[in-house]
Amino acid sequence: MIVLHYTGMPTCEGALDRLCSPDAKVSAHYCIDEDGTIYHLVDEERRAWHAGKSYWRGVRDINSASIGIEIVNPGHEFGYRPFPDEQVAALIPLVARIKDRHGIGRGNVVGHSDIAPTRKEDPGELFPWEALAKRRLALPSPTRNLIDPYWSDAAFLLALERFGYDVADSWKAVIAFQRRFRPERIDGIIDGECRAKLLALLLPRPQGEP
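Going left to right, the sequence shown walks through residues 1 to 210 as UniProt numbering numbers them.
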């Protein structure tokens with residue numbers, strides 16, 4: 001899989017220092033500065049330490065099964081802001097190349113918050129997932145022909161787990177889903193829009209749809 005992060009540090013230089021420090025015990029395969037500069041830090045065939053305790057679609061040792069991309073952004077702690085166009089323009093072909101090289105499906109291009117909902121918020125609600133989705137590099141947020149299945153909360157969580165999330169902390173899992181697929185309203189409440197979007201994500205897509 002491909003896991004997208006934000007650095008959550010004030011500067012790119014500080015993030016690179018930390019990612020390259022043996023003492024920090026964290027690393028990623030790539031880091032993308034706000035001006036679009038890409039730093040290749042770890043070979044894709046080697047394990048990088050970017051995911052931490054995490055889970056996605058039955059996989060718990062995600063460091064051994066993923067490429068990690070750190071995207072320079074101060075994050076929620078230091079002044080979260082939109083991702084510059086130059087940065088996104090550099091990210092898109094990088095994700096495309098990695099995805100093609102390793103045969104990664106769109107459903108396995110995820111954010112850190114998707115795989116670690118109790119601990120992480122990145123890349124956050126301002127990340128332009130739609131820019132990747134329209135190029136078939138990530139799953140889009142469903143917007144058309146949405147049907148509320150009127151699941152109970154327990155049924156929604158079962159479906160959310162089937163989709164890929166760890167639902168041990170149900171509230172945090174719902175927030176992670178909202179941050180990824182309904183970022184304009186992140187409240188942890190399972191409502192009709194959440195149910196309808198999850199149902200659409202689980203259903204097979206008609207041929208030709210993005």
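Don't be surprised by glycine CBs; every beta carbon is placed ideally from N, CA and C.
request  = Specify the secondary structure class of G58 as computed by DSSP and reduced to three states.
outcome  = Working through the sequence shown from its first residue, we reach residue 58 at position 58. Of the three classes helix, strand and coil, the one that applies to G58 here is coil, per DSSP.
message = For R57, tell me which candidate among R179, L158 and D166 has the shortest Cα-Cα distance.
response = Residue 57 sits at position 57 when you count from the first residue of the sequence shown. Among R179, L158 and D166, the Cα nearest to that of R57 belongs to D166.
ask   = Going by other Cβ atoms of all chains shown within 10 Å of its Cβ, with 16 needed for buried, is D23 buried or exposed?
value = Within the sequence shown, the letter at position 23 stands for residue 23. Exposed: under 16 other Cβ atoms inside 10 Å.
task = For the beta strand (DSSP E) containing C31, list its first residue and its last residue.
result = Stepping through the sequence shown from its first residue, residue 31 is reached at position 31. First-last of the beta strand (DSSP E) with C31: Y30 to I32.
query = How big is the Cα-Cα spacing for A28 and L41?
reply = Along the sequence shown, read from residue 1 onward, the residue named residue 28 stands at position 28. Along the sequence shown, read from residue 1 onward, the residue named residue 41 stands at position 41. Roughly 7 Å between the two C-alpha positions.
inquiry  = Let me make sure I understand the geometry here. Which of E44, N73 and K172 has the alpha-carbon closest to that of C12?
reply    = The residue labelled residue 12 in the question sits at position 12 within the sequence shown. Among E44, N73 and K172, the Cα nearest to that of C12 belongs to N73.
G164, DSSP secondary structure in three states = Here the question's residue 164 lines up with position 164 in the sequence shown. DSSP places G164 in coil when its eight states are reduced to three.
Cβ-Cβ distance between I2 and I69 below 8 Å = Taking the first residue of the sequence shown as position 1, residue 2 is located at position 2. Taking the first residue of the sequence shown as position 1, residue 69 is located at position 69. Their beta carbons are under 8 Å apart, which means I2 touches I69 by this criterion.
query = Who are the near neighbours of A15 in its chain, counting only those whose CB is closer than 7 Å to its CB and skipping five residues on each side?
reply = Residue mapping note: residue 15 aligns to position 15 of the sequence shown, counting from 1. Counting only residues of its own chain and dropping the five nearest sequence neighbours on each side, A15 has a CB closer than 7 Å to the CB of T7, M9, C31, E70 and V72.
Cα-Cα separation between F83 and P128, rounded to whole angstroms = The sequence position of residue 83 within the sequence shown is 83, counting from 1. The sequence position of residue 128 within the sequence shown is 128, counting from 1. Computed Cα separation, rounded: 8 Å.
key: CA nearest to the CA of N108, picked from G52, A159, V59 and E44   = By one-based count along the sequence shown, residue 108 stands at place 108. In terms of CA proximity to N108, V59 leads the group G52, A159, V59 and E44.
ask   = Can you list, in chain order, the residues of its chain whose CB lies under 8 Å from that of E130, leaving out five sequence neighbours each side?
value = Residue numbering aside, residue 130 sits at position 130 when the sequence shown is read from its first letter. Same-chain partners within the cutoff: P140 and S141.
message = Below 8 Å on the Cβ atoms is my contact criterion, and I expect L132 with I92 to pass it. Report the Cβ-Cβ distance as a whole number of Å.
response = The residue given as residue 132 occupies position 132 in the sequence shown. The residue given as residue 92 occupies position 92 in the sequence shown. Between I92 and L132 the Cβ distance is about 7 Å, and since that is below 8 Å, they are a contact.
According to DSSP, residues forming a beta bridge with G192 = As a first step, residue 192 must be located in the sequence shown, where it is residue number 192. Partner(s): none; G192 has no beta bridge.
key: First through last residue of the beta strand (DSSP E) which encompasses H5   = Here residue 5 refers to the residue found at position 5 of the sequence shown. Here the beta strand (DSSP E) through H5 covers I2 to Y6.
Straight-line gap, R179 to F78 (C-alpha atoms, nearest Å) = If you number the sequence shown from 1, residue 179 lands on position 179. If you number the sequence shown from 1, residue 78 lands on position 78. Using only the alpha carbons, I get a separation of about 19 Å.
ask   = So what does residue 212 bridge to, in DSSP terms?
value = Summary: the structure shown does not reach residue 212, with the chain confined to residues 1 through 210, and so no result is reported for it.
Range of the contiguous beta strand (DSSP E) that encloses I92 = As a first step, residue 92 is located in the sequence shown; it is residue number 92 there, counting from the start. That residue, I92, is in no beta strand (DSSP E); its alpha helix (DSSP H) goes D85 to H102.
inquiry  = Do A159 and L202 have their beta-carbon atoms positioned less than 8 Å apart in this structure?
reply    = Indexing the sequence shown from 1 puts residue 202 at position 202. Indexing the sequence shown from 1 puts residue 159 at position 159. Yes, Cβ-Cβ distance for L202 and A159 is below 8 Å.
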